[in-house]
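In the working numbering, the protein residues as written are 178 to 967.
Below you can see the structure in the form of structure tokens.
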């Protein structure tokens, strides 16, 4: 039986053919580029097939739809081979064929009648599309979920803080665990906003603070160092302290927390005090009840952290983590501006008397035997590794644990001295009384990846048969978890020295042939990237990412930087960043947020950097400033261009998930469960929201907390949500939408007024995250409508 085509159907087929021909040209162009880089030929083959299909539709050939359906099936098989039943992996591979398959069905239905061949092709098309839809549904139902069910015993823990949150990590050990148990997996869905407080903020770095709670007050700071005390029950403002920071010369600033101290003996003023360190490098003490300066501390309530550092350019030195309180001392490191020039301020660690502000000791790796300040005319050793992350403290052992970074600049270490590599990207155990080093464990031998330790060490006692191991767990940006005996620094499990890539680096560099890899806990590094893991929202930006990946140097983890672009994975966001990890002390379950975002890095010759105008931050000459393009690394032969590895549509070049929430049973030392963290509805090309509430695992910065009630709370993600998970199973129990992303670590406390447990966190966005946001900066507290049993 002949088939007659309507005139408008004929025109539609020709338009469809032209569209297919245009897509074919794009496939061919991108596919040939990919083949020239040594990649998959499938895209170029696809382009050739699309040309054939375009001709068939233009000539009204009856087999056009059959060929299209056959190619959809072939593409599906190829996608399953490359990525399995991974819906996000299948998206760029199948989105165009599926869309064209749907349009081909519409074209078929425009005919006056359908012959047997067209009917068979139509049914085959429907079946193929149905299979793809079913695979997508199954894939989304199980996307990224890993589970290793185990029997977890629970032990009841007492609350040493009596319902308060007294330290950045709740205790000096940094476990971020609360023995409060009013909120449980059964009632957490009833949480409501109890109060919120909008914090003035004018920086794209957002509100990163973890609030403290002491008695009936909540304490917090913003990145301009305004210090605020709020009523813990109502959120009503009690007092504000403004340190009058000069922000003009401070391009990067943040305040992740404040410290609470109560003098053990009566003092004339400020029996209880709040310490805050400012972005213009001052340490300030105020009365915890009134917010007034503690005038007997230092000089009218403050001391300068720039003393004995030499000439410091404004904005190049400050401390953004919360001050660390240990045995009536305030212990501080310092943040040094990344990648500006060799010879930046010293990474000295200092302790000050919490009552008077006098220097108690200083640890300067360049002068390891000197306890006090440098003699007149000298300064602390410049350009040594610094510590900007939160520290931990064990009072029984009398040790403060200091996580360090690498000596600046990050991506070229040819000028570093033996003393720099001695403590770079390491955990230092310092004696709290003298500041002398007891032991050191390096997480890298020579760090040229900006893998400085951003996470607070977590101190936890781990059952080991009939014994208890006093452990220290150090999360890293590499995604590795180092675990050592915190008394001796000896590895629990082992730390293996493994060969790492050497090729491609510049001749002036002095790479280490091996690097340390811990075996005591599972690696969360994300494995080794390969071409098939490159992603995009469409086949075209996926081809671009695959080509760029193959054109860059990548020999696996710790591929060193050089003059040819290289892929760094995980990137400088982590792995595990300053959100660190939490340990439920009642179950010995560790939970952490990990990022999986690659960086695209290239060293730039000094001549090229000078020609581009790359100059250190704060230099008055016109040029490209750091954080906006090329990092100057002045005083060395090379500058560095670093960026997230993103597609032309401004989405990550490797397929989701880009973050995960993972639980590890510390008794068996196995992953208990792991799942992607966050939905994709707030993300999309060029920052345009997709509004698709599907789990994708979005970029995240921030940490989680655990409670004896069996609930884990976390914000961190760019999808502007705050979530609660069952600690043992990983099941999502509750989520609440936020005005901005909560790139901080929450805290929890108990209010005696209403007898309720509160969960409190900051929501403000962060510029470092793709798809991040900024705007209203709020602290939001949640609680049950009423206390159970009331």
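Cβ coordinates follow ideal geometry from the N, Cα and C atoms, glycine included. Fair warning: this is a prediction, and the values are worked out from it, not measured in the lab.
Every beta strand (DSSP E) stretch that sits fully inside the segment 440-516 and reaches 3 residues is listed by chain position as 449-454, 459-464, 479-481, 501-503 and 506-509. Under the three-state reduction of DSSP output, residue 785 falls in the helix class. In this structure, the alpha-carbon of residue 400 lies about 13 Å from that of residue 940. Here the C-alpha atom of residue 741 lies approximately 25 Å from the C-alpha atom of residue 601. Beta-bridge annotation (DSSP): residue 397 is paired with 405.
Nearest C-alpha to residue 625 among 570, 220 and 562: 562. Residue 233: member of the alpha helix (DSSP H) spanning 219-235, first to last residue.
DSSP places residue 280 in the uninterrupted alpha helix (DSSP H) bounded by 264-285. By the 16-neighbour rule on beta-carbons within 10 angstroms, residue 455 is buried. Per the coordinates, the alpha-carbon of residue 621 lies some 12 Å from the alpha-carbon of residue 584. Taking a cut-off of 8 Å on C-beta distances, the segment 836-843 does not touch the segment 785-792, as fewer than three cross pairs fall below it.
Beta bridge pairing from DSSP links residue 743 with 730 and 778. In the DSSP assignment, residue 375 falls within the beta strand (DSSP E) that extends over 369-375. In the structure shown, residue 364 falls within a coil segment according to DSSP collapsed to helix, strand and coil. For the pair residue 434 and residue 386, the CB atoms are nearer than the 9 Å cut-off.
For residue 763, there is no enclosing alpha helix (DSSP H), as DSSP gives it neither H nor E. In this structure, the beta-carbon distance from residue 487 to residue 462 does not fall below 9 Å. In the DSSP assignment, residue 198 forms no beta bridge with any residue. Per DSSP, the beta bridge partners of residue 571 are 576. Taking 3 residues as the minimum length, the beta strand (DSSP E) runs contained wholly in the segment 597-641 are 603-608, 614-619 and 635-641, in order along the chain. Residue environment analysis places residue 962 among the exposed positions, since fewer than 16 neighbouring C-beta atoms fall within 10 angstroms of its C-beta.
Fewer than three Cβ pairs drawn from the segment 841-856 and the segment 240-249 lie within less than 8 Å of each other, which leaves the two stretches out of contact. In the three-state DSSP reduction, residue 242 falls in the helix class (H, G or I).
Just measuring C-alpha positions, the residue of 424, 646, 330 and 279 sitting nearest residue 306 is 279. Annotated as proximal: residue 875 and residue 856, with beta-carbon spacing under 9 Å. Beta-bridge analysis with DSSP links residue 903 to 888. Per the C-alpha coordinates, the member of 609, 922 and 317 positioned closest to residue 262 is 317. Residue 890 has its alpha-carbon roughly 57 Å from the corresponding atom of residue 188. For the set 513, 577 and 552, the Cα lying nearest the Cα of residue 528 is the one of 577. Judged by DSSP in its simplified three-state form, residue 524 adopts coil rather than helix or strand. Closest in C-alpha terms to residue 327, from the list 955, 845 and 909, comes 845. DSSP, read as helix, strand or coil, puts residue 941 in coil.
The beta carbon of residue 627 lies closer than 6 Å to those of 587 and 749 in the same chain, with the five residues before and after it left out. When C-alpha distances from residue 332 are compared across 614, 190, 639 and 415, the shortest belongs to 639.
Taking every protein chain shown into account, the CB of residue 670 has fewer than 16 other CB atoms within 10 angstroms, so this residue is exposed. Under the three-state reduction of DSSP output, residue 353 falls in the coil class, being neither helix nor strand.
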